[in-house]
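*Asks:* Counting from 1, position 16 in the sequence shown corresponds to residue 18 in my numbering; the numbering is continuous, with no gaps.
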Amino acid sequence: MSDLDAVSLSLQQKVDALNDLEMALNAKEEELVEREAKLTELRAKINEKDSLMNALKQSVSDALLGFEGNGLSIEKKNGRIYVSMEAKLLFATGETAVDAKGQEIIIDLARVLGNRDDLDIMVEGHTDDDEFERTKYPRNNWDLSVLRATSVIEIMLNNSNLNPESLIAAGRSQYQPVDENDKAKNRRIEIILSPKLDEL
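(1) What do you reckon, are the CB atoms on G73 and K90 nearer than 8 Å?
(2) Take D52 and list the residues in its own chain whose beta-carbon comes closer than 8 Å to its own, dropping the five residues that flank it on each side.
(3) In the DSSP assignment, find the unbroken alpha helix (DSSP H) run with E31 in it and report its ends.
(4) Indicate the three-state DSSP secondary structure (helix, strand or coil) for E182 in the structure shown.
(5) Residues in the same chain with beta-carbon distance under 8 Å from I191, minus the five sequence neighbours each way, listed in chain order, please.
(6) Could you check the C-alpha separation between P197 and D64 for me, to the nearest Å?
(7) Quick check on D145: buried or exposed, where buried means 16 or more other Cβ atoms within 10 Å of its Cβ?
(8) How about L159 and I83: are their beta carbons less than 8 Å apart?
(9) Have a look at I157 and E32 and give me their C-alpha separation to the nearest angstrom.
(10) Closer than 7 Å by C-beta to V114: which residues in its own chain qualify, once you throw out the five before and the five after it? Chain order, please.
(11) Just reading off the beta strand (DSSP E) that L195 is part of, what are its end residues?
(12) Can you look up D145 in the DSSP assignment and give me helix, strand or coil?
(13) Do I109 and F69 have their beta-carbon atoms positioned less than 8 Å apart in this structure?
(14) Per DSSP, Y84 is paired with what?
(15) Who does D122 pair with in a DSSP beta bridge?
(16) Put G104 into one of helix, strand or coil per three-state DSSP.
(17) Would you check if the distance between the CB atom of D119 and the CB atom of N161 is smaller than 8 Å?
(18) Can you tell me which of the three DSSP states L164 falls into?
(19) Count the other C-beta atoms from every protein chain shown that fall within 10 angstroms of the C-beta of R189, then say buried if there are 16 or more, exposed otherwise.
(20) Where L169 and A112 are concerned, what is the direct C-alpha to C-alpha distance, given to the nearest angstrom?
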């Protein structure tokens, strides 16, 4: 009887352990289902953002059709849209004020972007590696790149309903060249349109 009780107790303990294991397994399965649902929702949102960015790229391309290929390029990579404009389209040599034709390009772009609150817009100024120093602004390549970016932002703000909180001005000086053999391509303004992913 004593042996039978011991076996019965051992069996009960094993049954209890199996029940605990089954409960833990069920909880894990529920957690997995929940994670799968969240992952599906996240993929749907990313696909939606991707579709919106593709549509935006097309709108930007349509608005700047006359300039594309003449020192202006539009590219989508890493979920962002890059509008790159060689400096000759916007500025006289060494100048920070955008000329009349350049203003036309920037105004067209700003109007396409309209009052979009779902984008962060970074305007980056880039120079070539020709060094210069002077006492008045721009004093060097850093100043030149930042002041050109700021000039572009001012035109965008004055000709659209863009939210200033979504805009960023940055100067990269000479340190991100795109072509070691063509300085004209390195002197450029890049406008980077990034979707806001706060809700994700």
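Note that CB positions come from ideal geometry on N, CA and C, so glycine has one too.
*Replies:* In short:
(1) For the purposes of this step, residue 73 is taken as residue 71 along the sequence shown, with counting starting at 1. For the purposes of this step, residue 90 is taken as residue 88 along the sequence shown, with counting starting at 1. For G73 and K90, yes; Cβs fall inside 8 Å.
(2) Here residue 52 refers to the residue found at position 50 when the sequence shown is read from its first residue. Excluding positions up to five away in sequence, the list reads G81.
(3) By one-based count along the sequence shown, residue 31 stands at place 29. Looking at the DSSP string, the run of the alpha helix (DSSP H) that includes E31 is 4-65.
(4) The sequence position of residue 182 within the sequence shown is 180, counting from 1. It is coil, neither helix nor strand.
(5) Taking the sequence shown and counting its residues from 1, the one referred to as residue 191 is at position 189. Here the set comprises S86, M87, A89, L92, V125, E126, G127, H128, R150, A151, V154.
(6) Start at 1 with the first residue of the sequence shown, and residue 197 comes out as number 195. Start at 1 with the first residue of the sequence shown, and residue 64 comes out as number 62. Straight-line Cα distance between these residues: approximately 20 Å.
(7) As a working mapping, residue 145 is identified with position 143 in the sequence shown. So D145 ends up on the buried side.
(8) Locating residue 159 in the sequence shown gives position 157, counting from the first residue. Locating residue 83 in the sequence shown gives position 81, counting from the first residue. No; because the gap between Cβ atoms is not below 8 Å, this pair is not in contact.
(9) Reading the sequence shown from its first residue, position 155 is the one you call residue 157. Reading the sequence shown from its first residue, position 30 is the one you call residue 32. Straight across, the Cα-Cα distance linking I157 with E32 is about 54 Å.
(10) Residue numbering aside, residue 114 sits at position 112 when the sequence shown is read from its first letter. In the same chain as V114, and ignoring 5 residues on each side of it, the C-beta atoms closer than 7 Å to its own belong to S61, V62, A65, in chain order.
(11) Here residue 195 is taken as the residue at index 193 of the sequence shown, counted from 1. That run of the beta strand (DSSP E) goes 190-197.
(12) Here residue 145 refers to the residue found at position 143 of the sequence shown. DSSP places D145 in the helix class (H, G or I) of the three-state scheme.
(13) Residue mapping note: residue 69 aligns to position 67 of the sequence shown, counting from 1. Residue mapping note: residue 109 aligns to position 107 of the sequence shown, counting from 1. No, these two residues do not count as a Cβ contact at 8 Å.
(14) As a first step, residue 84 is located in the sequence shown; it is residue number 82 there, counting from the start. According to DSSP, Y84 bridges with E77, I194.
(15) By one-based count along the sequence shown, residue 122 stands at place 120. S196.
(16) Sequence index remark: in the sequence shown, residue 104 carries index 102 (1-based). Judged by DSSP in its simplified three-state form, G104 adopts helix.
(17) Position 117 of the sequence shown, counted from the first residue, corresponds to residue 119. Position 159 of the sequence shown, counted from the first residue, corresponds to residue 161. Taking 8 Å as the Cβ cut-off, D119 and N161 do not qualify as a contacting pair.
(18) As a first step, residue 164 must be located in the sequence shown, where it is residue number 162. Residue state, collapsed to three classes: coil.
(19) Counting from 1 along the sequence shown, the entry for residue 189 is found at position 187. By the neighbour-count criterion, in which a residue is buried when 16 or more other Cβ atoms sit within 10 angstroms of its Cβ, R189 is buried.
(20) As a position in the sequence shown, residue 169 is number 167, starting the count at 1. As a position in the sequence shown, residue 112 is number 110, starting the count at 1. Note on geometry: alpha-carbon atoms of L169 and A112 lie some 12 Å from one another.
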